[in-house]
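For reference, each letter of the sequence shown is one residue, going 283 to 562 in this note's numbering. Virtual Cβ for every residue (Gly too), placed ideally from N, Cα, C. Encoded as structure tokens, the structure appears first; notes follow it.
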Amino acid sequence: MMGSSLPCLELRAGAATDPGRFRDHNEDSYWAHRPVFLVADGMGGHARGDVASAEAVRQFSQVHGEWTDASAIHTAMATAATNIAALAGSGRAPGTTLAGVAVTEQAGRPYWLVFNVGDSRVYLARDGHLEQVSVDHSRRQELVDLGLVEQSKAIGGNIITRALGGGLLGVPVLDQWLLPLLPHDRILVCSDGLSSDLTPMLMLAMLRSIEDPEEAAAHLVRAAVTASGRDNVTAVVVDAVGVMLAGGTHSGDDTDTLSDPTATNGHGDGSMRRPGAGKD
């Protein structure tokens, strides 16, 4: 009997957010419903950052179905960016970062489609390791890319170089990565309020020790608030519970048929790419 032309995929997801210990207003927004899971961090110091992040979520909430593709993700981002820019008026321009993951398929095989604008992040926990997939669009990251690590540490604040709105003209370039989706993968999408205050080692330990994605997200957020709480903190955790390829073949842990082992990770041009090694 011929199998389905689409893979079969079961996901579980959970999310948590907190304004932090020193802010009475939460400018973060998130969306955690298949096929898109994302975090938008309204830019601090800009008027109506919460409105900007909510608009980003509103556009992505209109991406429906079990699966989606890069075109739909880019359209949602571009529409959100245009709408946010229109909010500026004569006052300070609202803005937001954006990071997330969508589920897509190619030739009957499932993939994570990771995307980002700004310094909110996407991590992949797999086989006991945590990889940062997204690459920050920030002045600090630019210095790191130039090999100026010590200079990057001297920056007091993280200056965003790419965002939706925030006074930046036009629709930003959306970086995207395509990763093979394997059983037991766990994705973490978070605002910089979490990644700035928790080490990757601590994040991985919590992701490995807490099975339920909702509880894992809540524990990560609480840990970041306890560690500092200087910023709003948001986490979305997504688990690949069951994966079956089109035709009824189970997807195992061998990635040879799902990934291009010669491909490398890059950023800056908005093109699709498959990640290789993690970021230095």
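Test item: CB-CB of residue i and residue j under 9 Å
| i | j | result |
| --- | --- | --- |
| S473 | A509 | no |
| P465 | A522 | yes |
| L425 | N398 | no |
| G382 | F342 | yes |
| A295 | P495 | yes |
| V417 | V471 | no |
| P454 | A363 | yes |
| R391 | H419 | no |
| A352 | V318 | no |
| G449 | A375 | yes |
| A407 | D332 | no |
Identity of the residue in the options nearest residue i by Cα
| i | options | result |
| --- | --- | --- |
| V404 | W459, S353, S420 and L430 | W459 |
| V507 | M485, L476 and H419 | L476 |
| E497 | A384, A297, A336 and A375 | A297 |
| L451 | A487, H501, A368 and A528 | A368 |
| L288 | T350, A358 and L412 | T350 |
| G371 | A338, V345, R330 and H346 | R330 |
| C290 | H315, V385 and M359 | V385 |
| R305 | A528, A334 and D513 | D513 |
| S335 | L502, R422 and T361 | T361 |
| P482 | S311, G447 and Q414 | Q414 |
| L527 | A354, E387 and W313 | E387 |
| I469 | S478, D332, L456 and E493 | E493 |
| I441 | Q423, M485 and A407 | Q423 |
Those residues which DSSP pairs with residue i across a bridge
| i | result |
| --- | --- |
| V518 | A297 and V471 |
| W394 | V385 and L461 |
| T378 | G324 and L446 |
| G524 | E292 |
| R403 | C472 |
| W313 | L320 |
| R408 | H411 |
Span of the alpha helix (DSSP H) around residue i
| i | result |
| --- | --- |
| G333 | According to the sequence shown, residue 333 is Val rather than Gly. From DSSP, the alpha helix (DSSP H) with V333 extends over G331 to F342. |
Any C-beta of chain D under 9 Å from that of residue i
| i | result |
| --- | --- |
| L489 | Absent from the structure is chain D; it holds one protein chain and no more. |
Terminal residues of the beta strand (DSSP E) in which residue i lies
| i | result |
| --- | --- |
| A368 | Note, A368: premise wrong, no beta strand (DSSP E); alpha helix (DSSP H) at A352 to A368. |
| E413 | H411 to Q414 |
- Message: Please give me, in chain order, every unbroken run of the beta strand (DSSP E) with length at least 3 that falls completely inside the segment 419-498.
- Response: 457-462 and 468-472
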